[in-house]
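A.B. asks: In the working numbering, the protein residues as written are 98 to 595.
Ideal Cβ placement from N, Cα and C applies to all residues, glycine included.
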């Protein structure tokens, strides 16, 4: 096992990995940008080093500086968390070349799965069902029109090197196709440095279901159950749960088997996620995420598998701690991503200082966070405040528990999406498990959010008043204590003079 690991990330995921390291008696090294100097993750680590200014391009994406810190501190491995360099094949290759273990898959696996066209071809070769579409990148508009007509409208245009839904556009008729392709190519070139785009059949009411996989270097590959990730805004997940409401033992066996087959087909190692679209009884490979997912806590809660620890063990050359028959999903888990953003203003980020922060707790509640009262949510990075995860014996108890946990959460100083989560938990379609990736639009959730916000105005005003009174009391007490101390000091000095 490693003796020391550098975590090339920040916030809650950095702390999550450090916790796993601490339980495995591994020393940790944090790296931080100028604005993160006093962040909780930098204080939690055994060692912490500055790596540059606030912009990620000058700090958390600075490969040379991060690897240099690893060498100087004697870190044997680098855990990239999620985002930043976690799916960067060049960084993984640099680690391999520099003799530092990259706690993730090989650079070759990242490269193969990072390009959606290459990934799709690999899945076809492995016999995994894929969404019908073009065989490769679009280079001829006439051929594109023929492909769209063959698979049938609507279709979706995607960037081959893309991610996070950037550049994706739906086309419902031939007249819009060429213009949309050109537009997506421009976005792809600007965002990813690669203008290649492709066409797929657009599934009207799909669910987004993904399978967590683990694979070691001895050829052992297992899946750790599925996650339902259909509640999204702009193709970004907001609420996840495990198991999926639509899952049956037979379907889980089929999808899980294909997820394992997909990972084995590319000689994958470490933790990863095979993502599927599920529609009308059929499922199709969407993409593979070659890293630890943001929503990994719900899998850990229902299976008892510590995914971060398994990552470390695998990267250290150990065999998997589990076999497929060991994996059992017990109960139900739901995760809400609490962000500093305004759901009533198109989920626009809301950076600022947390005047008050109190997370929820109690039975069946897990909070993954890297913030505290007085912490500032900066505009430089993702607006995630915390990941709130609950466990229940069944889905109904998990929903009820999440509603209670959301009620307990107090965040003052920034606008958050907590009202959004409350609206979803109260929605009858969500409670029935009738989910699609268009859930927010289909059920006009934003209107429900408006009602939640309106209903909570009085509570918010009362809380604000109470906090103002508390601030005044604290200020008065602080002033009184300061005056008392100063009087005592003056008395001591006068006594000394006598």
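1. Taking only runs that begin and end inside the segment 206-271, name each unbroken beta strand (DSSP E) of 3 or more residues, in chain order.
2. Could you tell me which of 367, 329, 366, 549 sits nearest to residue 533, measuring between CA atoms?
3. Out of curiosity, what's the CA-to-CA distance linking residue 575 and residue 453?
4. To the nearest whole angstrom, what separates the beta carbons of residue 198 and residue 157, a pair I think is in contact under 8 Å?
5. Whose CA, out of 546, 484, 542, lies closest to the CA of residue 110?
6. Could you say if the segment 216-227 and the segment 368-384 meet the contact criterion of at least three C-beta pairs nearer than 8 Å?
7. In this structure, does DSSP put residue 504 in helix, strand or coil?
8. Can you list, in chain order, the residues of its chain with a C-beta nearer than 6 Å to that of residue 357? Leave out the 5 residues immediately preceding and following it.
9. Considering residue 537, what are the terminal residues of the alpha helix (DSSP H) in which it resides?
10. Between which two residues does the beta strand (DSSP E) holding residue 408 run?
11. Can residue 146 and residue 112 be called in contact, C-beta distance under 8 Å?
12. What are the partner residues of residue 446, as DSSP defines its beta bridges?
13. Based on DSSP bridge pairs, tell me the residues matched to residue 325.
14. On the three-state DSSP scale, how would you describe residue 186?
15. Taking its Cβ as the centre, do 16 or more other Cβ atoms sit within 10 Å of residue 347, making it buried, or is it exposed?
16. Taking the continuous beta strand (DSSP E) assigned at residue 353, which residues delimit it?
17. Please confirm whether residue 135 and residue 149 have their CB atoms less than 8 Å apart.
18. Scan the segment 449-536 and note each continuous alpha helix (DSSP H) run of 4 residues or more that stays entirely inside, going in chain order.
19. Distance, Cα to Cα, residue 514 vs residue 374?
20. Nearest CA to the CA of residue 177: which residue from 425, 422, 389?
21. For residue 421, does the three-state DSSP call read helix, strand or coil?
22. When you compare only the Cα positions, how much space is there between residue 119 and residue 180?
23. Just to confirm, are residue 341 and residue 325 a CB contact at a threshold of 8 Å?
24. Quick check on residue 493: buried or exposed, where buried means 16 or more other Cβ atoms within 10 Å of its Cβ?
25. Taking only three categories from DSSP, how would you classify residue 130?
26. Specify the secondary structure class of residue 125 as computed by DSSP and reduced to three states.
27. Please name the residue, chosen from 289, 283, 185, 323, that lies closest to residue 393 on a Cα-to-Cα basis.
28. If we count the other Cβ atoms within 10 Å of its Cβ and call it buried at 16 or more, is residue 504 buried or exposed?
29. Going by DSSP in three states, residue 575 sits in which element: helix, strand or coil?
30. Exposed or buried, what is residue 276 when buried is set at 16 or more other beta-carbons lying within 10 Å of its beta-carbon?
31. Run the CB neighbour count on residue 366, radius 10 Å, all protein chains shown included, and call it buried at 16 or more, exposed below.
32. Provide the residue span of the alpha helix (DSSP H) that contains residue 166, from first to last.
C.D. replies: For this structure:
1. Annotation note: the segment 206-271 contains the following uninterrupted beta strand (DSSP E) runs of length 3 or greater, listed N- to C-terminal: 252-256, 266-268.
2. The residue given as residue 533 occupies position 436 in the chain shown. Looking at the Cα atoms, 329 is the closest of the given residues.
3. Sequence index remark: in the chain shown, residue 575 carries index 478 (1-based). Sequence index remark: in the chain shown, residue 453 carries index 356 (1-based). In this predicted model, residue 575 has a pLDDT of only 48, less than 50, meaning its place in the structure is not dependable; the value taken from the coordinates is given anyway. The alpha-carbon atoms of residue 575 and residue 453 are separated by roughly 18 Å.
4. The count along the chain shown starts at 1 and reaches residue 198 at position 101. The count along the chain shown starts at 1 and reaches residue 157 at position 60. That pair is no contact at about 19 Å.
5. Your numbering for residue 110 matches position 13 in the chain shown. Of 546, 484, 542, the residue nearest in Cα terms is 484.
6. Yes, since at least three Cβ pairs between the segment 216-227 and the segment 368-384 fall closer than 8 Å, the two stretches touch.
7. The residue given as residue 504 occupies position 407 in the chain shown. Reduced to three states, the DSSP call for residue 504 is helix.
8. Locating residue 357 in the chain shown gives position 260, where the first residue counts as 1. Within the same chain, and ignoring the five residues on either side of residue 357 in sequence, the residues whose Cβ sits closer than 6 Å to its Cβ are 318, 320.
9. Residue 537 sits at position 440 when you count from the first residue of the chain shown. 536-539 is the extent of the alpha helix (DSSP H) around residue 537.
10. Sequence index remark: in the chain shown, residue 408 carries index 311 (1-based). Taken as a continuous stretch (DSSP letters only), residue 408 belongs to no beta strand (DSSP E), being part of the alpha helix (DSSP H) at 404-412.
11. Within the chain shown, the letter at position 49 stands for residue 146. Within the chain shown, the letter at position 15 stands for residue 112. 8 Å or more divides the Cβ of residue 146 from the Cβ of residue 112.
12. Taking the first residue of the chain shown as position 1, residue 446 is located at position 349. DSSP, once it has assigned bridges, lists 438 as partnering residue 446.
13. Here residue 325 refers to the residue found at position 228 when the chain shown is read from its first residue. 306, 338, per the DSSP bridge assignment.
14. Translated into the one-based positions of the chain shown, residue 186 becomes position 89. Residue 186: helix per DSSP, three-state reduction.
15. Looking up residue 347 in the chain shown gives position 250. Exposed.
16. Within the chain shown, the letter at position 256 stands for residue 353. Premise fails: residue 353 lies in the alpha helix (DSSP H), 346-362, not in any beta strand (DSSP E).
17. Here residue 135 refers to the residue found at position 38 of the chain shown. Here residue 149 refers to the residue found at position 52 of the chain shown. For the pair residue 135 and residue 149, the CB atoms are not nearer than the 8 Å cut-off.
18. For the segment 449-536, whole alpha helix (DSSP H) runs of length 4 or above, ordered along the chain, are 492-505, 515-523, 525-528.
19. Counted from its first residue, the chain shown places residue 514 at position 417. Counted from its first residue, the chain shown places residue 374 at position 277. Cα-Cα distance, rounded: 26 Å.
20. The residue given as residue 177 occupies position 80 in the chain shown. The candidate whose alpha carbon is nearest that of residue 177 is 389.
21. Within the chain shown, numbered from 1, the residue matching residue 421 stands at position 324. Annotated three-state conformation of residue 421 is helix, per DSSP.
22. The sequence position of residue 119 within the chain shown is 22, counting from 1. The sequence position of residue 180 within the chain shown is 83, counting from 1. Rounded to whole angstroms, residue 119 and residue 180 show a C-alpha spacing of 23 Å.
23. Residue numbering aside, residue 341 sits at position 244 when the chain shown is read from its first letter. Residue numbering aside, residue 325 sits at position 228 when the chain shown is read from its first letter. Cβ atoms of residue 341 and residue 325: closer than 8 Å.
24. Position 396 of the chain shown, counting from 1, holds the residue named residue 493. By the neighbour-count criterion, in which a residue is buried when 16 or more other Cβ atoms sit within 10 angstroms of its Cβ, residue 493 is exposed.
25. Looking up residue 130 in the chain shown gives position 33. Residue state, collapsed to three classes: strand.
26. As a position in the chain shown, residue 125 is number 28, starting the count at 1. Looking at residue 125 - three-state DSSP - the assignment turns out to be strand.
27. For this step, residue 393 is matched to residue 296 along the chain shown. For residue 393, the nearest C-alpha among the options comes from 323.
28. By 1-based counting over the chain shown, the position of residue 504 is 407. Residue 504 should be labelled exposed.
29. Indexing the chain shown from 1 puts residue 575 at position 478. For residue 575, the predicted model reports a pLDDT of 48, less than 50, meaning its position is unreliable; a value from the coordinates is still stated below. In the structure shown, residue 575 sits in a helix (DSSP, three-state: H, G or I).
30. Translated into positions along the chain shown, residue 276 becomes position 179. Within 10 angstroms of the beta-carbon of residue 276 lie fewer than 16 other beta-carbons, which makes it exposed.
31. Within the chain shown, numbered from 1, the residue matching residue 366 stands at position 269. With at least 16 other beta carbons inside 10 angstroms of its own, residue 366 counts as buried.
32. Indexing the chain shown from 1 puts residue 166 at position 69. Element bounds for residue 166: 160-170.
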